[in-house]
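What follows is a single structure, written as structure tokens, with notes after it.
Protein chains in written order, with the numbering used here: chain A, 359 to 700; chain B, 359 to 700.
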């Protein structure tokens, strides 16, 4: 029997600073209805889908790396439980429609930890998986030279859990958030656990302040990394964006559904709320997992130790130590220093 | 001072089974001259550039996984020293022109080991780096159902050395061969050593027997993996092909030079001997290495242990053991088994 999941990728347009969760949940429910009408059993929302992307502002009084002083507005963007008063309707509607969903939000734990999370909710409205963002981009303290801030490293801790997969919707499903998608390790760690579908939500400003030469390449890079991750692991990738101009900042839209071949099979064409869907054949994964990317047969884990050795300085030191063990025949001949031609 | 390398990517058309090394070296020297005329200081040739791609034939008498019986023709495709009588002219001409090169060939060591290798030769004609292929694709024994064989796993051992980089041509240069380019670990292990340019030669048949649905995607996959590897590591990638119909087998051409942005900046348009060149600004690497992909700041090596844990079965076991240490709050809620909607 062919296994497939009918998936809706539910892109969101801007969420204003003064938009309430109730207003946003209305939009999410409207997208859930669109998904149900098209036969979706899973609708995927983006990262931080309940509020505006608040890391663009310095919202506390601290001048160092730590949050300090009045955190009233900052805290207002986090959820302390899920579901909660504002989101219960979404869970109820999901159960009524028998459509599961994946939702991103900011989590403030009872003991004061702050995480950027993604939850997977099944067709009965139950949370069956939770992921905390591993790769936190941006910066720790206010940088006044930027047109807008990207203070994720101030407002979120790095996940202590890593990447796991979940048996749900008849398949093996993983989750990642935004910057995670740029790192091949993200897909690989889940690919090694047999991931057949990876759900990725993102908020990506089109203006990358540290190197504006990357700005015109944002859409290219976005698809490049997700297509490569899908192909190299034989997995579906559902990439779901926020788009449009939110509080003066323009975000990448370009929501996509990517097959294990790396091909884009569905893509949003607006910068607003928009659902695109695809029937995702999970057995298609094996065309790659059991041939070219048969990990057991072809991978060389012993050759990859640099990847887990720590920072690059340690990696280089480890490799140099290793080199001293080589026989003269195998040793790398040191390159002579050359004049560079102009 | 801006650092750059003027690089020529020297694609080769088919090499016939009865073509001599002397004839091939004439072609390599012609490409070297083209490179010199365009100001190149480094010309990169493809994988196994001295002979036809012999793994397409079962050339010994063994029925199992091992080479047996008469190996006269098989052995004729390997080099037992480098330079040798046939290739000395190439080294001499490189020195005379002050143009370095990178060359792929089959190596038979004095103690009987067989490797698929790539060497880096500097502008004085000296070998400054040697790489043995890490990822060996294809199969170990004759498979008569195939239109042609891909017996690399019979004819080549896996490299025991791994991926290293070399200080040469004013930069930090790594090498990889053919199937290596499909694995993100290849680029990452060299990226962690500071690679600014990765040279990759390949022979890729357009007909992939284990899954012909991949055939129309060969050119897409080829560029996808090299562009992602370049971008995700902030490195130049020089991908050099054999093209055309060689002994009845059609090979992917599509030689490219790729910038650290992932952009293709030069591409061959024929399926024959053809040199394309680009001025590669090595300092461009830092636009990525020091921003989005600042490895020291943003990578999470502790989260990647699955990548070096061994085969997937071990990875899953290790992760499950880890999960038992979680608090109930953090634990993943097991997904209930669901009926799959058709």
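We treat Cβ as the ideally placed atom computed from N, Cα and C, and that holds for glycine.
Beta-carbon gap between residue i and residue j smaller than 8 Å
i: residue 625/A; j: residue 580/A; result: no
i: residue 618/A; j: residue 646/A; result: yes
i: residue 610/B; j: residue 544/B; result: no
i: residue 527/A; j: residue 633/A; result: no
i: residue 549/B; j: residue 524/B; result: no
i: residue 601/B; j: residue 616/B; result: no
i: residue 494/A; j: residue 466/A; result: no
i: residue 393/B; j: residue 420/B; result: no
i: residue 667/A; j: residue 659/B; result: yes
i: residue 620/A; j: residue 578/B; result: yes
i: residue 485/A; j: residue 444/A; result: no
i: residue 463/A; j: residue 490/A; result: no
i: residue 547/B; j: residue 368/A; result: no
i: residue 586/A; j: residue 586/B; result: yes
i: residue 390/A; j: residue 452/A; result: yes
Residue-chain proximity (residue i, chain A), Cβ-Cβ < 8 Å
i: residue 619/B; result: yes
i: residue 571/B; result: yes
i: residue 450/B; result: no
i: residue 579/B; result: yes
i: residue 667/B; result: yes
i: residue 533/B; result: no
i: residue 714/B; result: Past the edges of chain B, shown from 359 to 700, lies residue 714/B, and the structure says nothing about it.
i: residue 436/B; result: no
i: residue 555/B; result: no
i: residue 686/B; result: Bear in mind that the predicted position of residue 686/B carries a pLDDT of just 38, short of 50, making it unreliable; the figure below should be weighed with that in mind. By this cut-off, residue 686/B is not an interface position.
i: residue 507/B; result: no
i: residue 589/B; result: yes
i: residue 563/B; result: no
Cβ-heavy atom distance, residue i to the ligand NAP, below 7 Å
i: residue 623/A; result: Judged by which ligands are present, the structure shown has none, so any question about the ligand NAP falls away.
C-beta neighbour in chain B for residue i, strict 8 Å
i: residue 547/A; result: yes
i: residue 664/A; result: yes
i: residue 483/A; result: no
i: residue 595/A; result: no
i: residue 521/A; result: yes
i: residue 493/A; result: yes
i: residue 413/A; result: no
i: residue 583/A; result: yes
i: residue 637/A; result: no
i: residue 624/A; result: no
i: residue 366/A; result: no
i: residue 542/A; result: yes
i: residue 445/A; result: no
i: residue 410/A; result: no
i: residue 463/A; result: no
i: residue 649/A; result: yes
i: residue 440/A; result: no
i: residue 705/A; result: In the structure as shown, chain A starts at 359 and stops at 700, and residue 705/A therefore has no counterpart that could be examined.
i: residue 645/A; result: yes
i: residue 599/A; result: no
Whole-angstrom C-beta distance between residue j and residue i, which should lie under 8 Å
i: residue 514/B; j: residue 661/A; result: That pair is no contact at about 15 Å.
i: residue 426/A; j: residue 433/A; result: Incorrect: roughly 13 Å between the Cβ atoms, too far for contact.
i: residue 540/A; j: residue 423/A; result: With 8 Å as the limit, residue 540/A and residue 423/A do not qualify as a contact, their Cβ atoms being about 23 Å apart.
i: residue 505/B; j: residue 565/B; result: 7 Å
i: residue 404/B; j: residue 599/B; result: 6 Å
i: residue 387/A; j: residue 447/A; result: 7 Å
i: residue 408/B; j: residue 361/B; result: The pair is not a contact, with the Cβ atoms about 32 Å apart (cut-off 8 Å).
i: residue 398/B; j: residue 642/B; result: No, residue 398/B and residue 642/B are not in contact; Cβ-Cβ is about 18 Å, not under 8 Å.
i: residue 594/A; j: residue 536/A; result: Rounded, the Cβ-Cβ distance is 18 Å, inconsistent with contact.
- Message: Using a Cβ distance threshold of 8 Å, determine whether the segment 513–531 of chain A contacts the segment 549–568 of chain A, with at least three qualifying pairs required.
- Response: yes
- Message: For a minimum of 4 consecutive residues, which ranges assigned as the alpha helix (DSSP H) are wholly contained in the segment 629–676 of chain A?
- Response: 644–647 and 653–656
- Query: Given 8 Å as the limit, is there contact between the segment 500–514 of chain A and the segment 404–418 of chain A, that is, 3 or more CB pairs closer than that?
  - Reply: yes
- Message: Would the segment 447–463 of chain B count as touching the segment 479–489 of chain B if we require 3 or more Cβ pairs under 8 Å?
- Response: yes
- Message: Tell me whether the segment 568–585 of chain A and the segment 589–597 of chain B touch, counting them as touching only if at least three CB pairs, one residue from each stretch, are closer than 8 Å.
- Response: yes
- Message: Three Cβ pairs or more, each shorter than 8 Å: is that satisfied between the segment 362–373 of chain B and the segment 628–643 of chain B?
- Response: yes
- Fully enclosed by the segment 427–506 of chain B, which alpha helix (DSSP H) runs are 4 residues long or longer? 430–434 and 446–455
- Item | Start-end ranges of the alpha helix (DSSP H) lying completely within the segment 386–424 of chain A, minimum 4 residues | none
- Task: Write down every uninterrupted run of the alpha helix (DSSP H) in the segment 512–564 of chain A whose length is 4 residues or greater and which is fully enclosed by it, in chain order.
- Result: 542–549
- Message: If we require 3 or more residues per run, which beta strand (DSSP E) segments fall completely within the segment 552–625 of chain B?
- Response: 555–560, 594–599, 602–604, 607–609, 614–616 and 622–625
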